[in-house]
Every structure is written in C-alpha cells, then in structure tokens.
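Novice: So the sequence lines, in the order shown, correspond to chains U and P. Residues -10 to 419 in our numbering are what the first sequence spells out, letter by letter. Residues 8 to 445 in our numbering are what the second sequence spells out, letter by letter. Note that the Cβ used here is the ideal one computed from N, Cα and C, for glycine as well. If you scroll down you'll find the structure; I have some questions about it.
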Amino acid sequence: MKPLAAVLMLLLATEPTKPSETSLGGLGGLCGQSYAQEDRRVPELLAKLDDDSIEVRAAAAVALIDLGKPALPSLKRLVPSAGVELKDRLNEIIRKIQDRDRLSSLLPPPSRISIDAKDRPLREVFEKLSKQTSTPIDYSQVPEDAKVTVTLDRVPLWKALDRICRASGRVMPEVENDHVVITPETYVELPGKITDLFCVTLQRLELSTEVVFGSPDRYDRFNATFHVSWEKGARPYHVTAHIAELVDESGSELVAAGEDAESVLMSSIAPDMIRQDFTLDSPHGPGPQALKISKLKVEIEFEFPLKYAEVKLDVSTGKVPAASSCAEFDVRLSRLERTEGALTASLVMVPHGPLEGEITGESVVLRDKSGKEYPAIVTEGTPGNESETPYQLTFPSAPEHQEFTEIQIRIPTEVHRERLDVELKDLNLK
Amino acid sequence: MKTALLLLTATLSGLLATEPTKPTEAAPLCGLGGLCGQSGDERHLRELIDRLVDDDISVREKAASDLAEFGKAAIPSLERARASSDIELRSRAASILRAIAENEIVGRHWHRGARITLDFDRAPVAKVLEELEKQAHDKFKLDAAELQEPMTLQVKDATFWEALEAVCRAAPALTWEAEGDGLTFKAQRRPPYPAKRQGEFQVWLDGITYSRDYDFTGNPRTTFTMSVSSAWEAGIAPVAVEQKVTEVLDEDGVNLILPDRFSYGARLDMPKGRTRKDGVYLPIAQGAKAPRRFSRVRGMSTFFFPRAYEEVTIDLRTAAGPVTLEHLTVAVRNFRPLKDSCSCEVILTAGMGANDGMIDRLPFSDIAIVDDLGNLSKAKTSSRSHSYSGTSYTIHENLNVPFPEGRTAVALKLRVLKDVMEKRVAFEFADIALESSQ
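Here's what the structure looks like:
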C-alpha cells in the first residue's frame, strides 16, 4: 500500500483538501487521515528516524515523504540541530518531497472522475468518463444494451476505468499506445496494481524448461510481461524495472530479495504514449508444470525530468554552424546537408560530467523563421573516444526550400525518480 | 516398380566405382556379380541380354536387374540391344539404360554406407578414431594429444554410426560434432541423446524446449520445440531433408500433437555439410495438462537425392512461352540486357503431388545465360522466394548475371531436377523425462 500512498501524495501536493475522498474507503483512507492527524504523526515519524532498526527508519522516511509538503516545516526545523547522520536523512527526505512537488507542477493535473449511475447504459457512463479526462477513450465497441450501476466520487482515472468495467462485467479496458479501448470481452481481473498515476498489469507469464540430455538439471526460464500505463501527458522519460522476488509454490526463492537482478530500461517514450510494455525475465523459473507462483515482486522506477540544459546552434546561414556549449555539455555539428531529400546532420556531444539524460528524438528540434518546429530522428553512432558521442540526425519533415534558424538540443540534467513496487501473491496458473 | 528401382539403386551405387575417390568401394563388391575379368564380363553381358527375351518372366526380370547393376559397363551392349528389331527387347533395353543413368546421378549424392570392423585392446582413443576415419573415408578433426587415454573395443561389420557410437561409449570421454564435410572430436562425454541409427544416417533428439505461456487475459498456450538433428556419412549429399515428429505421447499415453499443417519451407532449404538440425514446433491442445514425461516420441526424417535431371533451354531473343515438363513448368520473365550484366526472373512451378513434390527443383548452380558465341555466364548469388498453394509450389529466382559487354544473350540454360530418390528413417524414442530429477 505504501507506494500507492507515495504516488497519491504526489498528486495531493497540488490539491489542498479533499474531504470527499474518505468515502472511497480503503483507497482514500490515506488522504482522509492526512490533515486531521498529520501534526500528531509527524513528530512520531521524526522520532522513528533515529530508531536503532534500519527497517523502522526506512519506513518512517517513506511515510514522511508520503506525507509530502505539510511535513516540510517540521523537517526543516529539525535540520540545524540534527547530528550528521540524521541531517543527511532529513535533507534526503526534504529533497524528495520538493522534487515531487516540482514534478506535480510539471505534469498535467490528474483526472478525477465523478459518476453516479443507477442502471444506466454503459456507453453513457463511458461518455461521461471521457469528458472528465484528457486521455482518449474509445468506447465504440461497448455493447449498446449493456447497463451498469456505479458510483464514483473524484476517483483517479485508472481506478475509475477498472471499477466501471468490473461493475459491468461485460467489458475490459485495454490500453493501446495512445488511447484506451473498451473491448466487449468478459471482465477479468488482471494481477497488478493501480495507483492514482499508474496502472500496472501482469499480462502473461511464460514458463519454460530446456531438456538437455545427459544433464540431471533442467534450465528453467521465467518471463513476465507487464503493461504500465499513465494518463496522457504524464509520460515518464525513462522506466526501469526488475524482478525483486520470485517464490514458487513450494516456497523456494527463485529470485531472492536483495539479489541483483538485471533491469530492463525503457526510454524514448513518445510524448503522446500512454502505455509501455516490458518483459522481465529470470534464468530461474518454477518450470512449466508449476500451478502457482507464491510471490512475484517487481520494482519499477519512473524517471521524470525536472530540469533541462539546452544549447542552440545557429543554422540560418545554411552552413555548418559554430560549436555551442552550456554548463553541462558542448555540441558541434560536423555536417549539415540534404541527402535523398531529407535534411541530415552529424552531431558530436561532449558532456562535462555525467548527465542524467541522453540525446533522443525529442531532445533535438529544428526551427524555421516562423518558429515552426521539426522533429529529428536520432541514431547513435559508435563513439570515437570515451568522452565524445556522435549522433546522426535526420529531419524527415523539414521542407526543402524553407529557411531554418536554429537547432535546439535539450537534455535533462535533473530528474525525479518515482518508485513503484508491485507485489503479487498466489498467482494461480491452473 | 518404383520401389523395385529404389532397392536396385541401393545395391548398385556402391558399384559406381567410376569416382576415383572411393577405390575400396568396389573391392568388397567384386564377388557380387562376377564383375572381375574383362572377357568373362562380355560373355556374361551377352547372356544377360539374351535372357531379356526369355519366356520365363522371372528370368527376364533377374537379367534386367543384373544388367542395371553392371552400370556403365553394360551400356554398349544395351545400346546395341536398343537398336534391335525385337520391339520388346528394345523397350527393355531402353528402360535399363534409363535406370543406369538414374543410378549414376543418385550415385553422385548417395552411396551405400561403409562397414566397419574395429578390434583394439587398450589402444589410444586417437588411434581408434584414425582407423575408423580410414575405413569410413571420412575427415576427422581432433587433437590427438588430448585423446591418448586407452580404450578397448571390438566392432564387427557395423555401420559407420553404430561403430562411432560404440567408440564414444567405450572411450573414457569422447563426443563429436559435424563440421563442414567432416566430424570434429572432443574429449567430453557424449550426452545420451535418444538416437536412431539406420544405414548411412543417424537421427537424434538433441534437446526439447517445453514452454507454457500463461496469458491472464485468456488463451494459455503450451508448446514444445523438439530439436531433431540428423547426420549422414561422408560423401553423401542430400538435396533436401525433412524432419517430422508425428506422435508425442504423455505419461498417460495421450497423443499431445495437434494435427498440424504440412511444414512448408523446410525441404526447400538445401542442407550444407553433414548435418541438419530442425526445431520442430509442436503446439499442444489447449487445456491439456502439463506433462512431466513423454512416454513415446515418434517421427520420420526423409532424405532426398537427385535421380533425374532435365535440361531446359529457353530462347531469350523471342518472347518464348513457358516450358512444360511432366508435372512442372519453367518460365522466364522480364528479361533485361544491361550494360555489363543481364537480369531476368526464372519461375518454376511444380505440382506437389502426394506431399512429396516439394524440393528445390531449380538448382541455382545449374542456371546459365548462353551468349552468341555459345559461352555460358552464371550468376554469383541467388535471390529467390517461394510460394505455395494447396496443390503446387513456385520457386521464383531473381537472376542477375554478369555478362561480357558487346555479347548478346541468346538463351537461358538450366537443369531441372525431375525425379528424386527418398531414404526414410523412422524414429521412436521412449520415456523422456521433462522434469529435473531432483
């Protein structure tokens, strides 16, 4: 429940009070408590930051971060008098709260869905929902005769979608790359986790074994395919994920907690995307005969840029422009020409130190006189030496007889990392 | 008739001692037809030709098969018989000549396997292998220093693969892998692959991947991919190999294989070297329980060898129509002479008949462009695609041939593989565990 709270608070930071949330029971419980009890909770949690047990300290830190902005004054008050270790912990918590606060001002405000329907046509309910979110929803396949009874009061989008589909039983929400489709399929509860910002579902598991003659061992593999979705515009810059724990039905730990598992990194997520798939695998699986997975824990981290460094190259002369630099990196073009109709360029970036981001398609923009922007396709070349990274840029949509003014290169220099743990228990595979 | 011819081929090809690479082949077979001694041959041939018109059908047939076994040496006598005034003798001679010609083509790709006899007492493994290599006319690659441990083995009159298996089992540690035209040996224990050894071939399972795909939105799927491998003796070169698994029984004796469509494609792939490995994909019926062992796996590997070719010449100066042979047609389209090359598409369409028609009947190495001086030019690389319908298949070769400047392309010359001989190895393996034994 913790990470859910974490994300929830992230949203709360922008919206002061929501007494109505309490009516959502378990879901909104966290919020209901927030203002009435926060004064009492803060000193309690602060005291725990000094506890002898690392677990108690970590849990208190998470809880304080989850409390968010309202906890800041107390935290800041404590800093000057704190010892070295506690001071570090406090500053870390303060930084995380502030990061989240900055992020919530960068992301579009999350949808809050309110619907009160008693035996109303399902289509009508989805129509109402669509009007309360900027995430496109295609409900054209919803059976015309389907009716539903559902009451939602300021419920975040993914939970609202799930609750409507579950109440109807006749449709399933399916997230495509840039929109949601409501399909006329019997509702099935997918294992996963829905928070205010994200919806993570486990789509499939593949259990395989390789029989190698003469060897008593079988090489079992395991892979799990997840979908993660967010609301339109709230797209993360990067997503990384890994399996943190995997326990088979007999209780054997196939991936033990704390083990270093390889992460899958997803980047270059296009701005209008609302979904990303990822498949996590483990070389140790329960084998294809398994009827149950006792525990599968996955840790997902979303990265959101908070600050960018940018550089502009003057291309108004049509010739290769002079090098340009900012505090974080230098950039120079070694070639700028028309090849097979498209405007192409070779670019070399020399970072001054480690950067948070890299050059991707959306970091490069070409502008013309009127300020119109043309996106680039970026392919990374082989590095000439350690500190230089060459890139090939192509602007396929840049018209042939247009006068261009500049190429802008923008790289994130500060990011906020939001972690989401998904813990699934007793997955039935019969 | 077809099977009779096939058997005949089998016994004969060893005799095609026309190829100098296999001198020993002829020696042990000498006793067979009293082949040694020139004058004796001539007299015997005359007698056999006479018997082709005997009143007794069994005498006639025996004579025909003996003549076919003679191979090339019988050709002059048979040519004379073909010119005879006796119409029956003429037709019999013609059919024996055809059989000899076919056997000769087969003999270039297939021959009867070696018979191996090994008798060693505490001899180094490398020495045993050296003897096996010699008797089989094979090419072995090994590090003799690594294979000096002693082994004791007695093998009498065994096939090559039986002998090789016996050596691997008797040696302290020995395994092999087919590499190029030869075999490479290593001092490692050979895994106990389920294997079938038959004549010149060995077929074995070298692994099974068992995969269960549990889709939470529905449609769980279970599949097996069986890796079926085969290898053949030195000097054997199939033009196509097809490996099929026809039955997989689980521990309760339930057949897990869904009636699947014919696996196209595989046969059109000409095998290279001495081995062929196919991942045979087997989807299991939905809802079937997850097996823990296979009680039986059955299948068949088929090896195809050329038996008859037909030369086809298509005029490029006129818009020539397609050439139709028995059950296939060849057409040339879009011929274009370019500055220093010429290009065209060669399209071969063949009926698939009883499931056995589909092999590469358009050998790429046998396609050439003829210029006005009669010189041949061939393409260096092949670029082809295949397509299938229920009853026929098409090979579409996009030909680009470098061509001398100033010459004129006159015709396209190619050789079509008209008929093939098949060798089948049926395999059956019992009791394969799919779970770890711990």
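List the residues that DSSP assigns as beta-bridge partners of Cys351 of chain P.
Specialist: As a first step, residue 351 of chain P is located in the second sequence; it is residue number 344 there, counting from the start. Cys351 of chain P pairs with P:Leu406.
Novice: Quick one: is Ala241 of chain P near chain U, going by C-beta distance under 8 Å?
Specialist: Mapped onto the second sequence, residue 241 of chain P falls at position 234. No, because no Cβ of chain U sits closer than 8 Å to the Cβ of Ala241 of chain P.
Novice: Which value, in whole angstroms, describes the spacing of the CA atoms of Arg87 of chain P and Ala386 of chain P?
Specialist: Mapped onto the second sequence, residue 87 of chain P falls at position 80. Mapped onto the second sequence, residue 386 of chain P falls at position 379. About 41 Å.
Novice: Could you run through the stretch 337 to 351 of chain P and flag, in chain order, every residue whose CB is less than 7 Å away from some CB of chain U?
Specialist: Within the stretch 337 to 351 of chain P, no residue qualifies.
Novice: Going by alpha carbons, who is nearest to Pro272 of chain U out of U:Phe291, U:Leu243, U:Val300, U:Glu165?
Specialist: Taking the first residue of the first sequence as 1, we reach residue 272 of chain U at position 283. It is U:Leu243 whose Cα lies nearest to the Cα of Pro272 of chain U.
Novice: Assuming the contact rule is C-beta atoms closer than 8 Å, Leu52 of chain P and Ser84 of chain P should be a hit. Round their C-beta distance to whole Å, please.
Specialist: Stepping through the second sequence from its first residue, residue 52 of chain P is reached at position 45. Stepping through the second sequence from its first residue, residue 84 of chain P is reached at position 77. Rounded, the Cβ-Cβ distance is 5 Å, consistent with contact.
Novice: Here's the rule I'm using: 16 or more other beta-carbon atoms within 10 Å means buried, otherwise exposed. How should Arg119 of chain P be labelled?
Specialist: In the second sequence, counting from the first residue as 1, residue 119 of chain P sits at position 112. Per the 10 Å Cβ criterion, buried.
Novice: Along chain U, in chain order, which residues have C-beta atoms closer than 8 Å to that of Phe192 of chain P?
Specialist: Against the second sequence, residue 192 of chain P aligns to sequence position 185. Within 8 Å Cβ-Cβ: nothing; Phe192 of chain P doesn't reach chain U, min ~17 Å.
Novice: Mind pulling the chain P residues with CB within less than 7 Å of Phe187 of chain U?
Specialist: To locate residue 187 of chain U, count along the first sequence from 1; it is residue 198. Ordered by position in chain P, no residue passes the 7 Å Cβ test against Phe187 of chain U, which lies about 18 Å from the chain.
Novice: Measure the Cβ-Cβ separation of Phe231 of chain P and Ile291 of chain P and say whether it is below 8 Å.
Specialist: Within the second sequence, the letter at position 224 stands for residue 231 of chain P. Within the second sequence, the letter at position 284 stands for residue 291 of chain P. Their beta carbons are under 8 Å apart, which means Phe231 of chain P touches Ile291 of chain P by this criterion.
Novice: Give the DSSP-derived three-state secondary structure of Val246 of chain P in the structure shown.
Specialist: Taking the first residue of the second sequence as 1, we reach residue 246 of chain P at position 239. Val246 of chain P falls in the coil class under three-state DSSP.
Novice: If you scan the stretch 331 to 378 of chain U from start to end, which runs of the beta strand (DSSP E) of 3 or more residues do you find wholly inside it?
Specialist: Fully enclosed beta strand (DSSP E) runs of 3 or longer: 331 to 340, 353 to 357, 362 to 364, 366 to 369.
Novice: Going straight from the alpha carbon of Lys358 of chain U to that of Glu395 of chain U, what length do you get?
Specialist: Translated into positions along the first sequence, residue 358 of chain U becomes position 369. Translated into positions along the first sequence, residue 395 of chain U becomes position 406. So the two alpha carbons sit approximately 9 Å from each other.
Novice: Report the rounded CA-to-CA distance for Ala165 of chain P versus Leu171 of chain P, giving the unit in angstroms.
Specialist: The residue labelled residue 165 of chain P in the question sits at position 158 within the second sequence. The residue labelled residue 171 of chain P in the question sits at position 164 within the second sequence. Distance between the alpha carbons of Ala165 of chain P and Leu171 of chain P is about 9 Å.
Novice: Considering just the uninterrupted stretch of the beta strand (DSSP E) at Leu431 of chain P, what are its terminal residues?
Specialist: Walking along the second sequence from the start, residue 431 of chain P turns up at place 424. One detail in the question is off: residue 431 of chain P reads as Arg in this sequence, not Leu. It spans 416 to 440 - the beta strand (DSSP E) in which Arg431 of chain P sits, taken as one unbroken run.
Novice: Who are the Cβ neighbours of Tyr176 of chain U in its own chain at under 8 Å, not counting the five residues just before and after it?
Specialist: Taking the first sequence and counting its residues from 1, one reaches residue 176 of chain U at position 187. Counting only Cβ-Cβ distances below 8 Å, and skipping sequence neighbours, we find Cys154, Arg155, Ser157, Gly158, Arg159, Val160, Met161.
Novice: Kindly say whether Leu79 of chain U, judged by its beta-carbon, lies nearer than 8 Å to any beta-carbon of chain P.
Specialist: Here the question's residue 79 of chain U lines up with position 90 in the first sequence. By this cut-off, Leu79 of chain U is not an interface position.
Novice: Do you know offhand how far Leu406 of chain P's Cα is from Thr320 of chain P's?
Specialist: Residue numbering aside, residue 406 of chain P sits at position 399 when the second sequence is read from its first letter. Residue numbering aside, residue 320 of chain P sits at position 313 when the second sequence is read from its first letter. Computed Cα separation, rounded: 15 Å.
Novice: Is there a Cβ of chain U sitting closer than 8 Å to that of Tyr395 of chain P, yes or no?
Specialist: Residue 395 of chain P sits at position 388 when you count from the first residue of the second sequence. So, not an interface residue.
Novice: Should Leu160 of chain P and Phe192 of chain P be called a contact, given that it needs their Cβ atoms to be closer than 8 Å?
Specialist: Locating residue 160 of chain P in the second sequence gives position 153, where the first residue counts as 1. Locating residue 192 of chain P in the second sequence gives position 185, where the first residue counts as 1. The answer is no: Cβ separation not under 8 Å.
Novice: Could you check whether the stretch 368 to 382 of chain U touches the stretch 249 to 256 of chain U, counting it as contact only if at least three pairs of C-beta atoms, one from each stretch, sit closer than 8 Å?
Specialist: As far as the Cβ criterion goes, the stretch 368 to 382 of chain U does not touch the stretch 249 to 256 of chain U, which means the pair count is below three.
Novice: Let me see if you follow: with CB-CB separation under 8 Å, is Arg264 of chain U close to chain P or not?
Specialist: Reading the first sequence from its first residue, position 275 is the one you call residue 264 of chain U. So, not an interface residue.
Novice: List the residues of chain U that Phe371 of chain P touches, going by C-beta distances under 7 Å, in chain order.
Specialist: Translated into the one-based positions of the second sequence, residue 371 of chain P becomes position 364. The contacting residues do not exist; Phe371 of chain P stays about 33 Å from chain U at best.
Novice: Taking the alpha-carbon positions, what's the Pro379 of chain U to Asp185 of chain U distance?
Specialist: Here residue 379 of chain U refers to the residue found at position 390 of the first sequence. Here residue 185 of chain U refers to the residue found at position 196 of the first sequence. Their backbone Cα atoms lie some 40 Å apart in a straight line.
Novice: Between the alpha carbons of Gly18 of chain U and Lys148 of chain U, how many angstroms are there, rounded?
Specialist: The residue you call residue 18 of chain U lines up with position 29 of the first sequence. The residue you call residue 148 of chain U lines up with position 159 of the first sequence. With a pLDDT of 29 at Gly18 of chain U, under the threshold of 50, the predicted position of this residue should be treated as unreliable, though the coordinate-derived value follows. So the two alpha carbons sit approximately 15 Å from each other.
Novice: For Phe211 of chain U, report the span of its beta strand (DSSP E) as first-last.
Specialist: Here residue 211 of chain U corresponds to residue number 222 of the first sequence, with the count starting at 1. Looking at the DSSP string, the run of the beta strand (DSSP E) that includes Phe211 of chain U is 207 to 219.
Novice: Note down, in chain order, each residue of its chain lying with its Cβ closer than 8 Å to the Cβ of Ala297 of chain P, except the 5 sequence neighbours on either side.
Specialist: Stepping through the second sequence from its first residue, residue 297 of chain P is reached at position 290. Around Ala297 of chain P: Arg219, Thr229.
Novice: For the stretch 300 to 320 of chain U against the stretch 278 to 286 of chain U, do three or more pairs of beta-carbon atoms, one drawn from each stretch, fall closer than 8 Å, so that the two count as touching?
Specialist: With the cut-off at 8 Å, the stretch 300 to 320 of chain U and the stretch 278 to 286 of chain U do not touch.
Novice: Examine chain U for any beta-carbon lying closer than 8 Å to the beta-carbon of Cys43 of chain P, and answer yes or no.
Specialist: Counting from one through the second sequence, the residue named residue 43 of chain P turns up at place 36. With a pLDDT of 45 at Cys43 of chain P, under the threshold of 50, the modelled position of this residue cannot be trusted, and the question is left open.
Novice: Does the stretch 416 to 425 of chain P come within contact of the stretch 181 to 197 of chain P, defined as at least 3 CB pairs closer than 8 Å?
Specialist: The stretch 416 to 425 of chain P vs the stretch 181 to 197 of chain P: no contact.
Novice: Going by C-alpha distance, which of U:Lys136, U:Val139, U:Arg112, U:Asp55 is nearest Gln130 of chain U?
Specialist: On the first sequence, residue 130 of chain U is found 141 positions in, with the first residue counted as 1. Minimum Cα distance to Gln130 of chain U is reached at U:Arg112.
Novice: For the alpha helix (DSSP H) containing Ile64 of chain P, list its first residue and its last residue.
Specialist: For this step, residue 64 of chain P is matched to residue 57 along the second sequence. Here the alpha helix (DSSP H) through Ile64 of chain P covers 64 to 77.
Novice: What does Ser72 of chain P reach in chain U if we use C-beta pairs closer than 7 Å?
Specialist: By one-based count along the second sequence, residue 72 of chain P stands at place 65. None at all; the shortest Cβ gap to chain U is about 43 Å.
Novice: In terms of DSSP beta bridges, what is Tyr221 of chain P paired with?
Specialist: Within the second sequence, residue 221 of chain P is the residue found at index 214, counting from 1. Per DSSP, U:Leu194.
Novice: Tell me, to the nearest whole angstrom, how far the beta carbon of Ile289 of chain U is from that of Gly346 of chain U; I am working on the premise that it is less than 8 Å.
Specialist: Taking the first sequence and counting its residues from 1, one reaches residue 289 of chain U at position 300. Taking the first sequence and counting its residues from 1, one reaches residue 346 of chain U at position 357. Rounded, the Cβ-Cβ distance is 19 Å, inconsistent with contact.
Novice: What does DSSP give as the partner residue(s) for Asp90 of chain U in the beta ladder?
Specialist: Counting from 1 along the first sequence, the entry for residue 90 of chain U is found at position 101. BP columns for Asp90 of chain U are empty, so no partner.
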